[in-house]
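Here's the structure we're looking at; comments come further down.
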Amino acid sequence: MNKRFLIYGANGYTGELITRFAVERGSKPVIAGRNEAAITALAEEHGLEPRVFSLDEREKLDAALQEVEVVLHCAGPFSLTSKTMVEACLRNRKHYTDITGEISVFEACAAQDKRAQEAGIMIMPGVGFDVVPTDCLAVHLKNRLPSATHLTLAFYGMGRLSHGTQATMTMNVGRGGAIRKDGKITSVPAAWKTREIDFGEVKKTSVTIPWGDVATAYHSTGIPNIEVYTVAPASALKMMKLSRYLGWLFATGPFQKYLQGNIPPGGPSDAERAKGKTLLWGEARDEQGNIVESRMQCPEGYTVTAFAALNVADKILAGNFTPGFQTPAKAYGGDLVLEIDGVTRQDD
Ligand SMILES: NC(=O)c1ccc[n+]([C@@H]2O[C@H](COP(=O)([O-])OP(=O)(O)OC[C@H]3O[C@@H](n4cnc5c(N)ncnc54)[C@H](OP(=O)(O)O)[C@@H]3O)[C@@H](O)[C@H]2O)c1
Numbered sequence: 000m001n002k003r004f005l006i007y008g009a010n011g012y013t014g015e016l017i018t019r020f021a022v023e024r025g026s027k028p029v030i031a032g033r034n035e036a037a038i039t040a041l042a043e044e045h046g047l048e049p050r051v052f053s054l055d056e057r058e059k060l061d062a063a064l065q066e067v068e069v070v071l072h073c074a075g076p077f078s079l080t081s082k083t084m085v086e087a088c089l090r091n092r093k094h095y096t097d098i099t100g101e102i103s104v105f106e107a108c109a110a111q112d113k114r115a116q117e118a119g120i121m122i123m124p125g126v127g128f129d130v131v132p133t134d135c136l137a138v139h140l141k142n143r144l145p146s147a148t149h150l151t152l153a154f155y156g157m158g159r160l161s162h163g164t165q166a167t168m169t170m171n172v173g174r175g176g177a178i179r180k181d182g183k184i185t186s187v188p189a190a191w192k193t194r195e196i197d198f199g200e201v202k203k204t205s206v207t208i209p210w211g212d213v214a215t216a217y218h219s220t221g222i223p224n225i226e227v228y229t230v231a232p233a234s235a236l237k238m239m240k241l242s243r244y245l246g247w248l249f250a251t252g253p254f255q256k257y258l259q260g261n262i263p264p265g266g267p268s269d270a271e272r273a274k275g276k277t278l279l280w281g282e283a284r285d286e287q288g289n290i291v292e293s294r295m296q297c298p299e300g301y302t303v304t305a306f307a308a309l310n311v312a313d314k315i316l317a318g319n320f321t322p323g324f325q326t327p328a329k330a331y332g333g334d335l336v337l338e339i340d341g342v343t344r345q346d347d
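Anchor point for the sequence shown: position 132 equals 131 in numbering that gives the first Met the number 0, and the numbering is continuous, going up by one each time.
Now the structure itself:
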C-alpha cells in the first residue's frame with residue numbers, strides 16, 4: 000500500500016507551514032498546487048515531489064490522488080474548492096482532510112457520509128485550529144455532562160491572521176452569524192450577542208461568530224444548542240455590526256474586489272507565531288441546571304493548525320480511520336488536541 004499524503008495548495012501560507020513541519024517530522028508528502036513556479040521551488044527547497052495542476056484538470060488530479068492515500072487540502076476559501084477535491088477523493092477512494100472553518104463546507108461534507116462509507120474513505124474537514132481544539136473541548140464537555148443540551152465555546156487568538164483567513168472572512172462578510180438551535184443551524188445577525196468570558200488568564204468581551212463548531216460540535220456531541228464566541232477588538236465589533244446593514248454591499252463584486260485586493264500576502268512570521276497563543280473556554284449545561292466548564296491553552300493558531308493536520312494525516316496513514324464523514328474529536332476523542340506540544344486543559 001502507498002503510504003504517502005498529498006498537500007494541495009502547498010504554496011499558500013498555511014500549506015507551506017504544514018509542508019515545512021511535515022519535512023521536519025521526517026514525512027515526505029507530495030506537494031501540489033496550480034502555481035508551477037511556486038510549487039516547484041517549494042519542492043526543490045524540501046526535496047519533495049511536486050505535482051502541478053488546477054482543480055479543473057481532472058486527469059492530473061486523479062493521477063496525483065492515485066499516488067497517495069490521503070489528501071490534506073489547504074487551498075481555500077474551501078467553499079470554492081472543497082467540492083471538487085471531495086469528489087476526486089470519492090472517485091479515487093482516497094481519504095479527504097482539509098483545514099476549512101466554513102459551516103457550509105462542513106455540512107456539504109457531512110452530506111457525503113454514505114458515499115464515503117461505501118468508498119471506504121474518511122472525509123474529515125476542519126483538521127486545523129478550526130476545529131480541532133474546540134471540537135475536542137466540545138467532546139470533553141459532553142463526556143463530563145452527558146445530559147448536556149446547551150454548549151457554548153469561545154476562543155481568544157493572540158496573533159496575526161494569514162492572507163487566506165482574511166480572504167475567507169472577507170468573502171463571507173455579508174452572510175451574518177449562525178448558531179445551532181434545537182439541532183438546526185440557524186441564521187442570526189452578525190455579532191448577535193456579546194458577553195464577558197473568563198479565559199482563566201484574562202477576562203475578555205467576546206462576540207458570537209459563525210465558527211465551524213456550529214456545524215461540527217453537533218456531529219461530535221449531539222448537543223442541539225451551540226454558540227461560539229471569539230474576542231474581537233472594538234473596531235472589528237463595530238464592522239461586524241455595520242455588516243448587518245451594509246453586508247449586501249460588502250458582498251458585491253466591486254467591493255469584494257477592492258477588499259480582497261487590499262489583503263496583504265503571507266501570515267505571521269516564525270517569531271510572531273512563537274510569541275502568539277490561544278485561550279479557549281467552554282461550558283455545557285443541561286435542563287436540570289447542571290453546568291460544567293473547561294479551559295484550554297494552546298500555541299498560536301497556525302502552529303496548532305499545522306500540527307493538528309499532520310497528526311491526523313499520520314493516524315490515517317497508520318490505518319487509524321473511520322470511513323464516512325467524521326469530525327476530529329468524534330473519530331479520535333477529546334484528547335486528540337493534547338497530543339500537540341504546549342496544549343493544556345483544566346476543568347472547573
Ligand atoms: N482551519 C483553520 O484553522 C485554518 C488555518 C489556516 C488557514 N485556514 C484556511 O485555509 C485557507 C488557506 O489559508 P492561507 O492563509 O494558507 O491562504 P493563502 O496564503 O492565500 O494560500 C491559498 C492557497 O490556496 C490556493 N488556492 C486558492 N484558491 C484556489 C483555487 N480555486 N484552485 C486552486 N488553488 C487555490 C492558492 O493557490 P495560488 O497561489 O495558485 O493562488 C494558495 O496555494 C483559507 O481558506 C483559510 O481560511 C484555516
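Glycine is no exception: its CB is placed at the ideal position from the N, C-alpha and C atoms.
Identity of the residues DSSP links to residue i by a beta bridge
i	result
glutamate 195	Thr204
glutamine 345	Arg294
threonine 229	Phe154, Val206
asparagine 289	Answer by DSSP bridge pairing: none, since asparagine 289 is not bridged.
glycine 100	For glycine 100, which the question treats as bridged, DSSP gives no partner whatsoever.
Member of the options whose CA lies at the smallest distance from the CA of residue i
i	options	result
methionine 170	Gly182, Ala235, Ile120, Leu79	Leu79
leucine 64	Glu35, Gly75, His94	His94
isoleucine 6	Thr207, Asp55, Met84, Glu58	Met84
glycine 288	Thr148, Leu16, Ala137, Val201	Thr148
alanine 166	Ile196, Lys27, Gly275, Phe254	Phe254
alanine 137	Lys183, Ala317, Ile225	Ile225
serine 219	Met239, His162, Gly260, Gly333	Gly333
glycine 75	Asp61, Val104, Phe320, Met157	Val104
glutamate 106	Leu71, Met238, Arg272, Ile122	Ile122
serine 26	Asp313, Ala328, Phe320	Asp313
glutamate 66	Ile30, Ala40, Ala109	Ile30
Collapsed DSSP secondary structure at residue i in the structure displayed
i	result
cysteine 297	strand
asparagine 1	At asparagine 1, the pLDDT of 47 sits below 50, so the modelled position is not reliable; the number obtained from the coordinates is stated separately. In the structure shown, asparagine 1 sits in coil (DSSP, three-state: anything other than H, G, I, E or B).
glycine 242	Per the sequence presented here, residue 242 reads as serine, with glycine not at that position. Helix at serine 242.
threonine 156	It should be noted that the sequence gives glycine, not threonine, for residue 156. In the structure shown, glycine 156 sits in a strand (DSSP, three-state: E or B).
glycine 265	coil
glutamate 282	strand
phenylalanine 254	helix
isoleucine 339	coil
Same chain, Cβ closer than 6 Å to residue i, neighbours up to 5 away in sequence not counted
i	result
phenylalanine 306	Ile339
glycine 181	The question names glycine, but residue 181 is aspartate in the sequence shown. Cβ neighbours of aspartate 181 beyond the five flanking positions: Pro223.
alanine 283	Leu140, Leu144, Ala147, Leu150, Val291
isoleucine 315	Val69, His94
tyrosine 155	Phe198, Lys203, Val230, Leu278
valine 342	Cys297, Val336
glycine 8	Gly14, Gly32, Cys73, Ala74
Other residues of its chain near residue i: CB distance less than 7 Å, five sequence neighbours each side excluded
i	result
glycine 127	Ile98, Thr304, Ala307, Ala308
Residues of its chain near residue i, where Cβ-Cβ distance is below 8 Å and the 5 sequence neighbours each way are ignored
i	result
valine 172	Ser242, Gly246, Phe249, Ala250, Leu258
asparagine 91	Asp61, Leu64, Gln65
Residue i at chain D interface by Cβ criterion, 8 Å
i	result
lysine 141	No chain D is present in this structure, which holds just one protein chain.
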